[in-house]
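In this note's numbering, the protein residues as written are 6 to 155.
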């Protein structure tokens with residue numbers, strides 16, 4: 006699993022916007038005007054996850070205009086970067102006194118990296134691990150082979 010923080014998500018979003026719209030963004034600004042989402046507020050914090058795909062989470066500032074960025078777009082940008090992955094995206098906004106709606110973003114990206122292999126295929130990979138002298142991979146494959154053939 007890969008964990009991304011706020012800056013990683015901002016960097017990927019900037020890169021994807023520049024590539025898709027063929028315009029370089031000047032900056033991305035988090036927004037915190039969630040009048041309709043007050044029901045999501047818990048202990049002075051508002052949390053948005055994949056379920057709130059419709060929420061505007063950022064403004065993308067270009068030279069001549071400003072464009073909203075929705076949660077679903079950030080998910081799309083991350084999926085472009087991490088193909089065939091499951092992404093849990095979360096934006097958190099702090100509305101405690103003095104925090105002024107400070108925002109953080111996190112993403113957990115996981116891949117289905119446990120393919121179903123037959124014993125003969127694992128035996129071939131064991132041979133490859135031996136030829137590469139990869140002891141850790143050899144031990145993992147041997148354990149898997151023993152589980153399947155026991």
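A virtual CB, placed ideally from N, CA and C, is assigned to each residue, including glycine.
Between residue 96 and residue 21 a beta carbon distance of about 17 Å is seen, past the 8 Å cut, so the two are scored as non-contacting.
Beta-bridge partners assigned by DSSP to residue 65: 33 and 72.
Per DSSP, residue 99 lies in no alpha helix (DSSP H) segment; the continuous beta strand (DSSP E) that holds it begins and ends at 90-99. Between the C-alpha atoms of residue 52 and residue 6 there is a straight-line separation of about 22 Å. Boundaries of the beta strand (DSSP E) harbouring residue 50: 50-54, taken from the DSSP string. No residue range can be given for residue 87, since it is assigned to no beta strand (DSSP E) and is classified by DSSP as neither H nor E.
Judged by pairs of C-beta atoms under 8 Å, the stretch 120-131 touches the stretch 142-149, as three or more such pairs exist. Bounds of the alpha helix (DSSP H) holding residue 135 are 124-137.
For residue 145, the uninterrupted alpha helix (DSSP H) segment begins and ends at 140-154.
The residues 111, in chain order, have a CB closer than 7 Å to that of residue 10 in the same chain once the five nearest residues on each side in sequence are set aside.
Taking a 10 Å sphere around the C-beta of residue 30, we find 16 or more other C-beta atoms and assign the residue as buried.
Scanning 86, 115 and 102 for the CA closest to the CA of residue 25 turns up 86.
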